[in-house]
Structures are given as structure tokens and as C-alpha cells.
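Worksheet: the structure to be examined is printed underneath.
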Amino acid sequence: MTGLYIHVPLCEKRCRYCDFYKVTPGEVDSMDLYLQCLEIELRRLPGDFAPDTVFIGGGTPTALSPAEYSRLLESLHRRINLSEVVEFSSEANPGTLTPEKLAVMKAGGVNRVSIGVQSFNPRALQLLGRIHNAKEAIEGYHLLREAGFDNVNIDLIQSIPGMTSDEVLADALKVAELGPEHISFYNLIYEPGTPLTEARDKGLVIPPDEDEEADNYFAVKAVLENAGYGHYETSNFSKGGKECRHNVLYWQGGEYFGCGPSGHSHWHGKRFGNIADLDRYCNRLLKEENPFDEIEFLTKEEKARETLVMWLRLTNGFNLDEFKRVSGFCAYDLCGAGIESMIEEKLLQCVENRLSLTPNALFVSNAVFSALL
Ligand SMILES: C[S@@+](CC[C@H](N)C(=O)[O-])C[C@H]1O[C@@H](n2cnc3c(N)ncnc32)[C@H](O)[C@@H]1O
Ligand code: SF4
């Protein structure tokens, strides 16, 4: 399995917590040059590249106009062999959706839409600096359904300062009532340099304590599981086999190209990241230069260790024989005594030759992963 990620570096406004690379309409005259350079970058990919999954993310792909989005999709069809694609996702912000834009996406092959809602709570949406309110978010979701999308993800965030446990639960109940095929319920991350992190550092917003976060995490999990969602990754839930195949590909150590400014690729043991600057990205491509800066060569062992940790994000973990077949390494040999001691501490479990996180370790998974690396 291989994947293609396209980064659209445009958002109507910067949310206060987010550090994904983007520009806003006031900072750029038009997205024409980006679209031109993206096509140059697509043309530079290997001629025999035929991805199984495509993910257009950002930023906000739906901040493009219908004509711009259509041009992006045309470039993709012109430059990439899409005949193998089984899942074609686009991210969307509910404040930027129109029936016309959704029709363009559908006609261009998009078959899964991931919509950023974050919360249905008015105070939380305001604190996060979102451009839409809860009613508009719900209307956006219904617009997707009316446009015929039958594979929809809703992104939510928990641990938002000021939200009570009841309010977090109300978000979980509301999303279950809407019934998307997939739900990503992230824990808020304080990214360096964002306005929300600065406000926290000045004591202007107070995050919930860790025990409360953990209680909320397990309460949300229970609500969604009761509503028929499978908890298949630490922050992700799906119904009816609708896991996000593109992300599963990342978690199982698959290979992918990431195009657009700040896009990251992992191809044949080489890892490289495109420059996170729209002007410089375009200048380089116009001169037929590489848009990436760092190239990292991973040894087979480094790649295997990374795959092990990524794969453990999936709640049913991996079969040890399959891991060896895919990575070339025995998981136990890679981590020395690490795995055994974590099994003793009841952070990992090995059942019928499958290694996975224990339910208790789900909330502290990042600490488990850093200890294994
Ligand atoms: C590219 S955005 C989704 C599409 C669109 N830009 C939007 O926000 O509506 C990707 C998702 O990452 C999540 N995200 C971004 N920054 C985050 C942070 N600091 N902590 C937790 N989740 C974050 C949000 O849930 C967001 O919906
Ligand atoms: S969360 Fe989405 S809309 Fe908000 S700044 Fe990040 S990418 Fe843009």
C-alpha cells in the first residue's frame, strides 16, 4: 500500500491552537502560483507511482474556491495514476463549505470528507478561535450528506480549558447522534508558539489536570463504543469497517509522498520534508529544484523500530509474525528487555501472538512509545 498526501496551505483564519503550516487570504494575493507549482511537484514524482490512498489536507482544502479546488483535482488526475485509489479523502472546515464546492470534490473523485468541528460547545469554539459556531458545524455535516458523501469523519478535541466533564460528554453524545462513519477525538496539544500556548503560559487559560483528562478520555471512549464505534487507534473511532486507510497506512509503516509546502514523504527508506514556506516552495519548483530540505536515510532497523511504535497506536496492535514479515525484524529483538518489562508493568500485552497496548496504557501511549524508541 502507498499513499499520497497533498498539503493545501490556506486557512480563512488561524485557530489559536494550531501550528500546521498555512497562510491566510490577507497574506497572499491568490493561490494560482501554489496550484501551478503543486502540478510541477506532482510531475516530478516517479512515473510508476500509483497510490492506494489520497489525502488532501492542510490547512483547509475547502478554503480554496470551487475553481481552484477543481484545478487542483485536474492536476492530480493529469499527473498521477489514480487507478488503484481505494480511499480519496479531503479535509474540510464547516465555515467554508458550499454545495458547489462539494460537487466539485465529488466529481473529482473525493469519496471521504473529514470535517473539523472540534467541539459543539460555544465557549470552547470561541476559545479555540474557530470561524464557525456549533449550528454551522452541524449544517456543514448535513451539507456533506446532501452532496452524497457516505464516508465522513468528524474531528473533535477534548481537554479544552474551561470545559466540564459533562460538556465533554455532551460533545461525545452529540457526535454519536450525528452518526458519522469515523470520529477523531484528539487530546488538545499545546503547540509551541501558538496563541493558546502563550495564554496557558501566562496563566490566562488553565488546562484540566491529568486525572480529569484521563477520566474524560475513558468516558468518551465508553460513549462512542456504546454507540457502535470501534476504538481502533488511540484517538480514532470508526463504524462498519470505515477506518481511515490512509492513516492506517502511516501507522503500519507504509510508504507515501507528501506534496505541497510542509508535506512529508517516506519513500524507499528515505524521509524528506518539504520546506514550510509557500514562497520558497514555489521558487524552488519554478527553478525545477527539489522542494525538500532534509533528507534522512533510515537504516532498516531504525525504520523497523519506528514502524513498531506507530503500529502499536492501533488498538489491536500487530501479529508478531506479520511484523517480522513487514519489517524484517523480531519485535522483541528490536526493543531489548523493553517489551517484556512493559508487559510486566501491564502497559503492553501479548495475546495469541499479537502485541498491543493494554486498555490502561491507551491514555499514556506517548510515554510508552518514547520508552520503546
Ligand atoms: C487540518 S485540520 C482539519 C481541517 C480544517 N483545517 C479545520 O480545522 O476545520 C486537522 C485537525 O487537526 C486537529 N488539530 C490541529 N491542531 C491541534 C492541536 N493543537 N491539538 C489537537 N488537535 C489539533 C484538529 O482537530 C483539526 O480538525
Ligand atoms: S485547525 Fe484547521 S482551520 Fe484551524 S488553523 Fe489549523 S488547519 Fe486552519
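Residue numbers (the working numbering): 952 to 1324. Even for Gly, the Cβ is constructed at its ideal location relative to N, Cα and C. Being a predicted model, the structure only gives us computed values, none of them experimental.
Along the chain, where does the alpha helix (DSSP H) that runs through residue i open and close?
i: residue 1097; result: 1085-1097
i: residue 1028; result: 1017-1030
i: residue 1138; result: Residue 1138 -> not in any alpha helix (DSSP H); beta strand (DSSP E) instead, spanning 1133-1138.
i: residue 1289; result: 1289-1295
i: residue 1169; result: 1161-1177
i: residue 991; result: 983-994
i: residue 1109; result: Looking at the DSSP string, residue 1109 is not in any alpha helix (DSSP H); the run it does join, the beta strand (DSSP E), is 1103-1109.
i: residue 1117; result: 1116-1129
i: residue 1201; result: 1196-1202
i: residue 1318; result: 1316-1323
i: residue 1011; result: That residue, residue 1011, is in no alpha helix (DSSP H); it is neither H nor E in DSSP.
i: residue 1058; result: 1050-1058
i: residue 1147; result: 1146-1152
Between residue i and residue j, what straight-line distance do the alpha-carbon atoms span, to the nearest angstrom?
i: residue 1256; j: residue 1312; result: 19 Å
i: residue 1309; j: residue 1300; result: 6 Å
i: residue 1316; j: residue 999; result: 37 Å
i: residue 986; j: residue 1080; result: 28 Å
i: residue 971; j: residue 959; result: 10 Å
i: residue 1007; j: residue 1114; result: 31 Å
i: residue 1153; j: residue 967; result: 15 Å
i: residue 1272; j: residue 1048; result: 45 Å
i: residue 1213; j: residue 961; result: 12 Å
i: residue 1297; j: residue 1283; result: 16 Å
i: residue 1056; j: residue 1019; result: 11 Å
i: residue 1216; j: residue 953; result: 11 Å
i: residue 1303; j: residue 1237; result: 54 Å
i: residue 1292; j: residue 1320; result: 13 Å
i: residue 1190; j: residue 964; result: 32 Å
i: residue 1276; j: residue 1070; result: 41 Å
i: residue 1318; j: residue 1295; result: 16 Å
i: residue 1242; j: residue 1073; result: 40 Å
i: residue 1162; j: residue 1171; result: 14 Å
i: residue 1185; j: residue 1287; result: 24 Å
i: residue 957; j: residue 1026; result: 12 Å
i: residue 1090; j: residue 1096; result: 10 Å
In terms of residue numbering, what span does the beta strand (DSSP E) encompassing residue i cover?
i: residue 1283; result: It is not in any beta strand (DSSP E) - residue 1283 instead sits in the alpha helix (DSSP H) that spans 1282-1285.
i: residue 1187; result: 1187-1189
i: residue 1232; result: Not the beta strand (DSSP E): residue 1232 falls in the alpha helix (DSSP H), residues 1229-1237.
Confirm, please, whether the CB-CB distance from residue j to residue i is below 8 Å.
i: residue 1107; j: residue 1117; result: no
i: residue 1225; j: residue 1211; result: yes
i: residue 1266; j: residue 1204; result: no
i: residue 1110; j: residue 1158; result: yes
i: residue 1180; j: residue 1246; result: no
i: residue 1174; j: residue 1227; result: no
i: residue 1119; j: residue 1084; result: no
i: residue 1222; j: residue 1263; result: no
i: residue 924; j: residue 1005; result: With the chain running from 952 to 1324 in the structure shown, residue 924 is simply not present.
i: residue 1105; j: residue 1131; result: yes
i: residue 1023; j: residue 1050; result: no
i: residue 1137; j: residue 1148; result: no
i: residue 979; j: residue 1229; result: yes
i: residue 1068; j: residue 1098; result: no
i: residue 1092; j: residue 1129; result: yes
i: residue 1306; j: residue 1279; result: no
i: residue 1183; j: residue 1194; result: yes
i: residue 1035; j: residue 997; result: no
Going by DSSP, what residues sit across from residue i in a beta bridge?
i: residue 1040; result: 1006 and 1063
i: residue 1218; result: 1221
i: residue 1269; result: 1306
i: residue 955; result: 1005 and 1208
i: residue 1247; result: 1222
i: residue 1069; result: 1107
i: residue 1184; result: 1187 and 1265
i: residue 1301; result: 1306
i: residue 961; result: 974
Open item on the list: Could you check whether the stretch 1057-1072 touches the stretch 1034-1045, counting it as contact only if at least three pairs of C-beta atoms, one from each stretch, sit closer than 8 Å?
Closed with: yes
Task: Touching by the beta-carbon criterion (3+ pairs, under 8 Å), the stretch 1019-1032 and the stretch 983-994 - done: yes
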